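K.L.:
All residue numbers for the sequence shown refer to my numbering, where the first residue is 83 and numbers rise by one.
Note that the Cβ used here is the ideal one computed from N, Cα and C, for glycine as well.
None of these values were measured; they are calculated from a predicted model.
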Amino acid sequence: FINDKVETLHFNLKIDKDAIETISQRSRFTPRVANRLLKRVRDFAEVEGDGIINRQIAEKALESLEVDEMGLEPGDRRILEAMIHKFNGGPVGLQALSAATSEEEDSVLDLYEPYLMQLGFIERTPRGRAVTKIAYEHLGLKYKNNQNQLI
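#1: Who pairs with Asp150 in a beta bridge, going by DSSP?
#2: In the DSSP assignment, what residue or residues form a beta bridge with Ala212?
#3: Going by other Cβ atoms of all chains shown within 10 Å of its Cβ, with 16 needed for buried, is Ile166 buried or exposed?
#4: Per DSSP, which one or two residues make a beta bridge with Val174?
#5: Starting from Arg159 and walking both ways along the alpha helix (DSSP H), at which residues does that stretch end?
#6: Using the rule of at least 16 other Cβ atoms within 10 Å of the residue's Cβ for burial, across every protein chain shown, is Ala181 buried or exposed?
#7: Leaving out five residues on either side along the sequence, give the residues of the same chain with a beta carbon under 6 Å from the beta carbon of Ile204.
#8: Alpha carbon to alpha carbon, what distance is there between Asn170 and Glu219?
#9: Could you tell me whether the segment 127-134 touches the segment 182-201, where touching means 3 or more Cβ pairs closer than 8 Å?
#10: Hey, Arg137 and Glu187: beta-carbon distance below 9 Å or not?
#11: Could you spell out where the alpha helix (DSSP H) holding Glu195 opens and where it closes?
The structure is reproduced here in structure tokens:
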């Protein structure tokens, strides 16, 4: 420990405990994602700061990477926005969603869908996937009459 607030980790960096918390929350508490984000934040700290990662640097770096406070990345938002704007919030089948987003079906199924379902942003119905009210709220969109339609 350095000054009881900064740790030196395996990536040869110095990081504040508050920054570790910020990165871990936005990494979905997934080690692979956390390592990827940590490396990008480290690079950002070297260019934009003095090399020490604090909460402010971490938040600024994650904002530039378009990783929001819930851990949604551009791909996650692209899936949700396609469901909302192209399919009126769903339900939509896997093939149609894959074609609309130019993502492989396996990527939608294995990478995006599990986390979006965990957050409660999408649900699977017998007719396909549908966007929930909380996803609309998170994206700052209006939700109408529990029918997954924009006002």
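P.N.:
Reading it off the structure:
#1: Answer by DSSP bridge pairing: none, since Asp150 is not bridged.
#2: Glu205
#3: Looking at its Cβ environment, which holds 16 or more other Cβ atoms inside 10 Å, Ile166 is buried.
#4: Arg211
#5: Pro156 to Phe169
#6: exposed
#7: So the list reads Leu198, Arg211 and Val213, once near-sequence residues are dropped.
#8: CA-CA distance, Glu219 to Asn170, rounds to 15 Å.
#9: no
#10: For Arg137 and Glu187, no; Cβs fall outside 9 Å.
#11: Glu195 to Gln200
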